[in-house]
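**Q** Encoded as structure tokens, here's the structure I'll be asking about.
Number of protein chains: 2
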Amino acid sequence: MARQEIVFKEAELDDAAGLADFLEQVVTESDFLSQDDDSPNMTVEETACFIQNHLESPNQVCLLAKCDARVIGVLNIEAASHVRVNHIGDIFIAVAKEFWGHGLGQILLEEAIDWAEHSGIIRRLELTVQARNERAVHIYEKFGFEIEGTKRRGAKTKNGDFLDVYLMAKLIENVTE
Amino acid sequence: MARQEIVFKEAELDDAAGLADFLEQVVTESDFLSQDDDSPNMTVEETACFIQNHLESPNQVCLLAKCDARVIGVLNIEAASHVRVNHIGDIFIAVAKEFWGHGLGQILLEEAIDWAEHSGIIRRLELTVQARNERAVHIYEKFGFEIEGTKRRGAKTKNGDFLDVYLMAKLIENVTE
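In the order they appear, the protein sequences are chains A and B. Everything in the first sequence is counted per full-length UniProt numbering, starting at 1 for the first residue and increasing by one. Everything in the second sequence is counted per full-length UniProt numbering, starting at 1 for the first residue and increasing by one.
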């Protein structure tokens, strides 16, 4: 990967096709996502709508890692619009398998935390992660996420075995500069 | 309330208008819901679509408490369709303020647990509840829900004060009769 340039950027409308392709691919590559290959994929139009919605929301962002024109990683922050919970950002993160082990997820996470601290609205970032995915749990802890609880039967494998899932969160203090 | 007959039933398409009205009312009455009166309300058409979707899903149900023709309580179980997590039912429960304190929520909860045990698919029921809502927490515990974690800043008041929110869950064993 040494000579390939990776660009990190906010998803724009013309990333819709690339992001839809990436999401379709990534669910087949990892057993750690709550989505799986039975999940209905978003069409390109739905993905464009999703990106537009994020561009217009002060408390949502979709960050991409791209190699040339190809989307190879995504970190999405989803939040509700109503005041009671609009300070809570829910993180989804995925990296294409051939790029695992190069720290792309960590760069995306760093960007996302920085975005949240400057959002003026997000005061809590949360995510869920399978307890068996120790590598991911350690990375999240390194970035200040704490395990708040364990969801028993929070997911199941293709064989129907139940898995513990951690609820992790990091409190965000807004930075004004 | 002694002479009023309360009926508990699964929501059908012709409950759409009544359910939409009820949901619009209930968000103004309680500070304990994650929705609030800033939340966009569902139109009657959207509510009908929501009910239809639940009627067709093996892992979702919308239960109503009705007094005459009026909807006065709802317990909704929402679940995802993909296999990794289609055994998890997320509970939303609300009762009209003038009927608080008569145990309607408990009857709805009992019905919902019975429904889940006979669903053949739900193996975990989960819900979130503000930690300060002690009465509700005790009722959930009475029905076998356990606190799995505390979400710091899991909600905020209208004044912007952050609240702890419990993640509670009950494991379900399917009953075949």
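Where is the CB? At the ideal position from N, CA and C, for every residue including glycine.
Could you check where the alpha helix (DSSP H) with F50(B) kicks off and where it finishes?
**A** Counting along the chain, the alpha helix (DSSP H) containing F50(B) begins and ends at 44-56.
**Q** Comparing the C-beta of L23(A) with each C-beta of chain B, is any distance below 7 angstroms?
**A** By this cut-off, L23(A) is not an interface position.
**Q** Within 7 angstroms of any Cβ in chain B, is that where the Cβ of G144(A) sits?
**A** No, G144(A) does not count as interfacial toward chain B.
**Q** Indicate whether the contact test is met: 3 or more Cβ pairs, each with one atom in the segment 153-164 of chain B and one in the segment 74-81 of chain B, closer than 8 angstroms.
**A** No, because fewer than three Cβ pairs between the segment 153-164 of chain B and the segment 74-81 of chain B fall closer than 8 angstroms, the two stretches do not touch.
**Q** Please name the residue in H118(A), V95(A), A116(A), F8(A) whose C-alpha comes closest to that of D68(A).
**A** With distances taken between Cα atoms, D68(A) lies closest to F8(A).
**Q** Does the distance from the CB of residue 190(B) to the CB of A65(B) come in under 7 angstroms?
**A** As displayed, chain B neither begins before 1 nor continues past 177, which places residue 190(B) out of reach and without an answer.
**Q** Alpha carbon to alpha carbon, how far is E12(B) from N174(B)?
**A** Roughly 25 angstroms separates the two Cα atoms.
**Q** What in chain B is Cβ-close to E148(A), meaning under 8 angstroms?
**A** Correct list: G149, T150, K151, R152, L167.
**Q** Against L125(B), what residues of chain A qualify as contacts under a CB-to-CB distance less than 7 angstroms, listed in chain order?
**A** Within chain A, no residue comes near L125(B); the closest Cβ sits about 10 angstroms away, beyond 7 angstroms.
**Q** Between the C-alpha atoms of residue 205(B) and S119(B), what's the straight-line distance to the nearest angstrom?
**A** One cannot answer for residue 205(B) here, as it falls past the ends of chain B, which runs 1 to 177.
**Q** Run down chain B in chain order and give the residues with a C-beta less than 9 angstroms from the C-beta of A65(A).
**A** Neighbours of A65(A) on chain B: none; closest Cβ ~24 angstroms, over 9 angstroms.
**Q** As a quick exercise: from E111(A), A79(A), S30(A), G160(A), pick the residue whose alpha carbon is nearest that of K97(A).
**A** Per the Cα distances, S30(A).
**Q** Per DSSP, what are the beta-bridge partners of A136(A) in this structure?
**A** Bridge partners of A136(A): none, in fact.
**Q** Please tell me whether R132(B) has its Cβ less than 7 angstroms away from any Cβ of chain A.
**A** Judged by the 7 angstroms Cβ criterion, R132(B) is not in contact with chain A.
**Q** Tell me the rounded alpha-carbon separation between G149(B) and Y166(B).
**A** Between G149(B) and Y166(B), the C-alpha separation is close to 6 angstroms.
**Q** Buried or exposed: R123(A), going by 16 or more other Cβ atoms within 10 Å of its Cβ?
**A** Its Cβ being crowded by 16 or more others within 10 Å, R123(A) is buried.
**Q** Would you list, in chain order, the members of the segment 74-97 of chain B that have their beta-carbon closer than 9 angstroms to a beta-carbon of chain A?
**A** Cβ contacts with chain A: A80, S81, H82, V83, R84, V85, N86, H87, I88.
**Q** What residue range does the beta strand (DSSP E) around Q4(A) cover?
**A** First-last for Q4(A): undefined, no H or E at that position.
**Q** Mapping DSSP to helix, strand and coil, what is A112(A)?
**A** Reduced to three states, the DSSP call for A112(A) is helix.
**Q** Taking the beta carbon of D161(A) as the centre, do at least 16 other beta carbons fall within 10 Å, making it buried, or is it exposed?
**A** That one is exposed.
**Q** Can you tell me whether E98(A) is helix, strand or coil according to DSSP?
**A** Here E98(A) sits in helix by DSSP.
**Q** For the segment 109-124 of chain B, which residues have a beta carbon sitting closer than 8 angstroms to at least one beta carbon of chain A?
**A** Of all residues in the segment 109-124 of chain B, R123, R124 have a Cβ within less than 8 angstroms of some Cβ in chain A.
**Q** Considering only their Cβ atoms, is the gap separating N159(B) from I121(B) smaller than 7 angstroms?
**A** Taking 7 angstroms as the Cβ cut-off, I121(B) and N159(B) do not qualify as a contacting pair.
**Q** Rounding to the nearest angstrom, what Cα-Cα distance links K151(A) and N86(A) in this structure?
**A** Computed Cα separation, rounded: 23 angstroms.
**Q** Does chain A have any CB closer than 7 angstroms to the CB of residue 178(B)?
**A** The shown model of chain B, from 1 to 177, leaves out residue 178(B), and the question about it has no answer.
**Q** Consider the Cβ of A136(B): report whether some Cβ of chain A lies at a distance smaller than 7 angstroms.
**A** Output row for A136(B): interface = no.
**Q** Quick check on the DSSP output: the beta strand (DSSP E) that includes V71(B) runs from which residue to which?
**A** 70-78 is the span of the beta strand (DSSP E), which, as asked, contains V71(B).
**Q** Within this structure, are the beta carbons of A169(A) and E111(A) separated by less than 7 angstroms?
**A** No, the Cβ-Cβ distance between A169(A) and E111(A) is not below 7 angstroms.
**Q** Residues in the same chain with beta-carbon distance under 7 angstroms from A16(A), minus the five sequence neighbours each way, listed in chain order, please.
**A** For A16(A), where only same-chain residues beyond five positions count, the Cβ hits under 7 angstroms are V44, T47, A48, I51.
**Q** What does DSSP give as the partner residues of G89(A) in its beta bridges?
**A** In DSSP, G89(A) forms a bridge with L125(A).
**Q** Could you name the residues of the same chain whose beta carbon sits closer than 8 angstroms to that of I139(B), not counting the 5 residues immediately before and after it, in chain order?
**A** Closer than 8 angstroms at the Cβ level, and outside the excluded window around I139(B), lie G105, Q106, L109.
**Q** Taking all protein chains shown into account, decide if R84(A) is buried (16 or more other Cβ within 10 angstroms of its Cβ) or exposed.
**A** It counts as buried.
**Q** Which residue wins for smallest C-alpha separation from I91(A), given the options E134(A), I113(A), W100(A)?
**A** The candidate whose alpha carbon is nearest that of I91(A) is I113(A).
**Q** Starting from A155(A), find everything on chain B with Cβ-Cβ shorter than 8 angstroms and list it in chain order.
**A** Simply R84, V85.
**Q** Residues of chain B with CB closer than 7 angstroms to the CB of L171(A), please, in chain order.
**A** Those within 7 angstroms of L171(A) in chain B are R152, R153.
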